[in-house]
Each structure stands twice: as structure tokens, then as C-alpha cells.
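Visitor:
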Amino acid sequence: MKQKVALVLGSGGARGVAHIGVIEALEEKGFEISSIAGSSMGAVIGGLYAAGKMQEYKDWVTHFDKIDVFKLLDFTLSLQGVVRGEKVFKEMRKLLGEFNIEDFPIPFTAVASNIRTQKEVLFSEGNLMDALRASCAIPTVMTPVYLENEEIVDGGVLNPIPLNRVKRTAGDILIAVDVNAEIPFEKKVAVTAEEVQQDEKNKQFLDEFTARIRRYLPKNTGKEASTTPKKLGYFDLLNRSIDLMQEKMTSLQMEIIKPDMLIQVSRNSCGTFEFYKSNELVELGKEAFNKSYSQYRNGLERTE
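Okay, so the sequence shown: first residue is 15 according to the numbering used here, each after it adds one.
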């Protein structure tokens with residue numbers, strides 16, 4: 015009989031693509047995922063897996079280049095966010111179809127946050143894409159979703175790794191995936207001409223992306239003395255603040271609910287919108303799982 019798993023997938027922008035590698039590695043080791051809960055990109059991957067559409071999403075996202083990413087970012091002058099987020103979900107609906115969560119073969123919950131009431135919003139039924147769009151609405155980056163005149167934003171604001179929202183069944187184990195971990199990341203050094211060229215393309219993407227984002231954001235005055243450290247830009251400051259907040263909240267949550275296996279991916283592995291690194295991130299997820307799985311097995315052997 016396969017070991018059942020209650021799987022919790024954390025938020026983390028493009029780093030959440032690593033969840034695909036974790037799930038693939040879990041199944042390769044003979045585990046059976048019996049329930050899933052996720053926030054933000056964790057909700058996206060978990061929801062698509064529960065819908066039986068993760069492979070189709072993987073085939074799509076792992077073929078992205080920087081131009082594809084730009085095409086899916088519908089920039090806006092709204093004060094509530096610099097990206098509407100409608101274009102990418104429109105493409106996902108067209109590619110993957112429409113599903114109701116209550117029809118899934120396993121329980122699934124996507125977590126979002128109500129800014130006004132400061133309470134979590136849980137989607138365990140209803141339209142999947144609507145739930146994922148709400149769960150991914152990073153404050154001030156992606157415009158919020160309105161449900162009954164309430165502003166709903168990213169699940170990571172209140173519960174970046176929702177250990178308390180996954181359905182448990184008798185005999186299962188709790189596995190959590192944290193793609194915002196404060197752990198070292200060893201960047202692969204470019205060796206071949208093709209890898210060097212790809213690094214240059216990646217740098218160009220980041221420069222172009224940052225330049226485009228800055229059109230919509232407050233600018234530094236540039237009047238600081240040359241002896242003072244360079245100030246972070248608006249977008250960098252926002253991203254780092256959110257990452258730090260989510261890291262601390264995750265640590266507190268895990269003190270209350272300890273997973274049987276914790277899988278960690280470094281927050282330095284990629285930026286929020288670097289989906290063109292998806293192939294690399296899938297492999298990173300597999301590597302992270304295998305490392306944690308070895309530790310888990312060693313722990314079991316010591317207790318036997």
C-alpha cells in the first residue's frame with residue numbers, strides 16, 4: 015500500500031514552479047498524494063495537479079522565454095498593482111480548461127487573504143481559475159480580486175505555507191514545500207558558449223523587466239551621497255519585504271504544526287517573474303525533495 019501524503023505547497027512567485035519537480039519526485043518514490051493545500055503559486059501547482067492538468071501546465075511553462083513572459087504581463091497604471099494578471103489566466107483557461115474544485119478526486123484548498131477583514135479566504139469549491147487568480151494577487155504587484163465588494167489578495171500575506179488548511183486522513187504524513195527558504199543557493203556557473211549566452215539573455219530580461227516596472231513606480235531622487243549604500247528601488251524593496259515577512263510567518267507556523275518532511279528551495283534561486291527558468295526550477299524541486307527524503311528515511315531507520 016502506498017504511503018498517503020497531505021501536501022502543503024508554499025507561495026513564492028516563479029520559484030513555485032519547483033513544486034512540479036517535488037510532486038514528480040514524490041510519485042516516483044511511490045507516495046500517494048491524498049490532499050493538497052497551497053498559497054499563491056503553491057495553489058496554482060497544487061490545483062492543477064488535483065485537476066489532472068499539471069503535465070500540460072509544465073509543458074507550457076517550461077517552454078517560456080523572456081518574450082513569452084513579457085507577453086503575459088499586462089502592465090497597468092492602477093495604484094493597486096502594476097500587473098492586472100488577467101492575461102496569464104485567460105491563457106491558462108484556454109489551454110487547460112475550466113474546473114470546479116469540488117469535482118476533484120482529492121481534496122484541495124487554495125488560500126487567499128481578505129485585506130479589510132484581515133482573514134484568510136479558503137477556496138475548497140467553485141471555479142479553480144478564479145480561486146488561483148485570487149490566491150496569486152501579490153499586493154501592489156498584481157491587482158486584487160473583488161469578491162462581494164471585498165478586496166482579496168495573495169494567500170501568502172496571511173498564510174504563506176498553509177499547514178493548517180490541508181485535509182488530513184488516517185495514516186497520512188504531512189509534507190510541506192517551502193520555496194522561500196533562507197538557505198544558500200549555489201548558482202550554476204556558465205561553462206559552455208550556450209550557457210554563457212543564456213546568462214546574458216537572462217540579465218537582459220531582468221534589466222528590461224526592471225525598467226518597465228519602474229515606469230509605474232516612484233523613483234529614487236538619486237541625491238544620496240556617493241559614500242552611502244545604494245538604496246533599493248521600490249520593486250526590490252517590496253519584494254524583499256514580502257519575502258522576509260513570509261519567511262518569518264512560515265517559521266512561526268512550523269513551530270505550531272511540524273511537518274513530517276520539510277522540503278526547502280532557496281529564495282535566491284530566482285525572482286518573482288523569472289518563469290523562463292522553469293526547466294531549472296523543476297529540477298531544483300526534484301533535488302530538494304531527494305535531499306529531504308534521504309533525511310526522512312534516515313530518521314525512520316533510527317527510530318526502528
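Here a beta-carbon is modelled for each residue, glycine too, at the ideal position from N, C-alpha and C.
So, with DSSP's three-state summary, where would you put LYS101?
Guide: The residue given as residue 101 occupies position 87 in the sequence shown. Looking at LYS101 - three-state DSSP - the assignment turns out to be helix.
Visitor: I'd like to know whether the C-beta atoms of GLN260 and SER49 end up nearer to each other than 8 Å.
Guide: Here residue 260 refers to the residue found at position 246 when the sequence shown is read from its first residue. Here residue 49 refers to the residue found at position 35 when the sequence shown is read from its first residue. Their beta carbons are not under 8 Å apart, which means GLN260 does not touch SER49 by this criterion.
Visitor: Would you call SER292 buried or exposed, if buried means 16 or more other Cβ atoms sit within 10 Å of its Cβ?
Guide: In the sequence shown, counting from the first residue as 1, residue 292 sits at position 278. Its Cβ being crowded by 16 or more others within 10 Å, SER292 is buried.
Visitor: Determine the burial state of TYR63: buried for a count of at least 16 other Cβ atoms within 10 Å of its Cβ, exposed for fewer.
Guide: Within the sequence shown, residue 63 is the residue found at index 49, counting from 1. When all chains shown are included, TYR63 counts as buried.
Visitor: Under the assumption that ALA195 contacts VAL279 (Cβ atoms under 8 Å), give the Cβ distance between them as a whole number of angstroms.
Guide: Residue 195 sits at position 181 when you count from the first residue of the sequence shown. Residue 279 sits at position 265 when you count from the first residue of the sequence shown. 6 Å between Cβ atoms; contact.
Visitor: Return helix, strand or coil for ASN282, following the three-state DSSP convention.
Guide: Position 268 of the sequence shown, counted from the start, is the residue given in the question as residue 282. Residue state, collapsed to three classes: helix.
Visitor: Could you check whether VAL167 and PRO158 sit closer than 8 Å to each other, using their CB atoms as the reference points?
Guide: Position 144 of the sequence shown, counting from 1, holds the residue named residue 158. Position 153 of the sequence shown, counting from 1, holds the residue named residue 167. Yes; because the gap between Cβ atoms is below 8 Å, this pair is in contact.
Visitor: In the DSSP assignment, what residue or residues form a beta bridge with ASP79?
Guide: As a position in the sequence shown, residue 79 is number 65, starting the count at 1. ASP79 pairs with nothing; no bridge assigned.
Visitor: Taking Cβ to Cβ, would you say PHE103 is nearer than 8 Å to MET143?
Guide: By one-based count along the sequence shown, residue 103 stands at place 89. By one-based count along the sequence shown, residue 143 stands at place 129. Yes, these two residues count as a Cβ contact at 8 Å.
Visitor: Taking the alpha carbon of THR154 as the reference point, which residue from ALA51, CYS284, GLY99 and GLU38 has its own alpha carbon closest?
Guide: Walking along the sequence shown from the start, residue 154 turns up at place 140. Closest option to THR154, Cα to Cα, is GLY99.
Visitor: Ignore the nearest five residues each way along the sequence and tell me which others in THR76's own chain have a CB closer than 7 Å to its CB.
Guide: Along the sequence shown, read from residue 1 onward, the residue named residue 76 stands at position 62. Closer than 7 Å at the Cβ level, and outside the excluded window around THR76, lie SER292, ASN293 and VAL296.
Visitor: What residues in its chain sit with their C-beta under 8 Å from that of GLU41, if we drop five residues either side in the sequence?
Guide: As a first step, residue 41 is located in the sequence shown; it is residue number 27 there, counting from the start. These residues qualify, in order along the chain: ILE47.
Visitor: Can GLU38 and LYS305 be called in contact, C-beta distance under 8 Å?
Guide: As a first step, residue 38 is located in the sequence shown; it is residue number 24 there, counting from the start. As a first step, residue 305 is located in the sequence shown; it is residue number 291 there, counting from the start. No, the Cβ-Cβ distance between GLU38 and LYS305 is not below 8 Å.
Visitor: What does DSSP give as the partner residues of MET275 in its beta bridges?
Guide: For the purposes of this step, residue 275 is identified with residue 261 of the sequence shown, where counting begins at 1. Bridge partners of MET275: ILE189.
Visitor: For ASP168, which of helix, strand or coil comes out of DSSP?
Guide: For this step, residue 168 is matched to residue 154 along the sequence shown. In this structure, ASP168 counts as strand in the three-state DSSP scheme.
Visitor: Look up LEU161 in the DSSP assignment and give the residues it is bridged to.
Guide: Translated into the one-based positions of the sequence shown, residue 161 becomes position 147. Note: LEU161 sits in a beta bridge opposite GLU164.
Visitor: Our contact map puts CYS284 next to ALA28 with C-beta atoms below 8 Å; I'd like the distance itself, whole angstroms only.
Guide: Reading the sequence shown from its first residue, position 270 is the one you call residue 284. Reading the sequence shown from its first residue, position 14 is the one you call residue 28. Right, their Cβ atoms sit about 5 Å apart.
Visitor: Note down the Cα distance separating ALA51 from THR317, rounded to an integer number of angstroms.
Guide: Mapped onto the sequence shown, residue 51 falls at position 37. Mapped onto the sequence shown, residue 317 falls at position 303. About 29 Å.
Visitor: Does DSSP put LEU21 in a helix, a strand or coil?
Guide: Here residue 21 refers to the residue found at position 7 of the sequence shown. Correct three-state label for LEU21: strand.
Visitor: Just the C-alpha distance for PHE89 and LYS80, rounded to the nearest angstrom, thanks.
Guide: What you label residue 89 is simply residue 75 of the sequence shown in a count that begins at 1. What you label residue 80 is simply residue 66 of the sequence shown in a count that begins at 1. One C-alpha to the other measures close to 15 Å.
Visitor: Using beta-carbon positions only, say whether SER149 and VAL125 come within less than 8 Å of one another.
Guide: The residue labelled residue 149 in the question sits at position 135 within the sequence shown. The residue labelled residue 125 in the question sits at position 111 within the sequence shown. Cβ atoms of SER149 and VAL125: closer than 8 Å.
Visitor: What are the boundary residues of the beta strand (DSSP E) that includes ALA39?
Guide: Here residue 39 corresponds to residue number 25 of the sequence shown, with the count starting at 1. Segment 32-42 is the alpha helix (DSSP H) holding ALA39; no beta strand (DSSP E) there.
Visitor: On the DSSP bridge list, what partners appear for PHE89?
Guide: As a position in the sequence shown, residue 89 is number 75, starting the count at 1. DSSP lists VAL97 as partners of PHE89.
Visitor: Using C-beta distances below 6 Å, list every residue in its chain close to ASP274, excluding the 5 sequence neighbours before and after it, in chain order.
Guide: Here residue 274 refers to the residue found at position 260 of the sequence shown. Cβ neighbours of ASP274 beyond the five flanking positions: ILE187 and LEU188.
Visitor: Below 8 Å on the Cβ atoms is my guess for SER138 versus PHE122; work out the distance and round it to an integer in Å.
Guide: In the sequence shown, residue 138 corresponds to position 124, counting from 1. In the sequence shown, residue 122 corresponds to position 108, counting from 1. With a Cβ gap of about 7 Å, SER138 and PHE122 count as contacting.
Visitor: Go through the segment 101-162 residue by residue and report every complete run of the alpha helix (DSSP H) that reaches 4 residues or more, in order.
Guide: The segment 101-162 contains these whole alpha helix (DSSP H) runs: 142-149.
Visitor: Over what stretch of residues does the alpha helix (DSSP H) that includes GLU301 continue unbroken?
Guide: Counting from 1 along the sequence shown, the entry for residue 301 is found at position 287. Note, GLU301: alpha helix (DSSP H), 292-317.
Visitor: Under 8 Å between the Cβ atoms of GLY60 and LEU109?
Guide: What you label residue 60 is simply residue 46 of the sequence shown in a count that begins at 1. What you label residue 109 is simply residue 95 of the sequence shown in a count that begins at 1. No, the pair does not count as a contact, with Cβ atoms beyond the cut-off.
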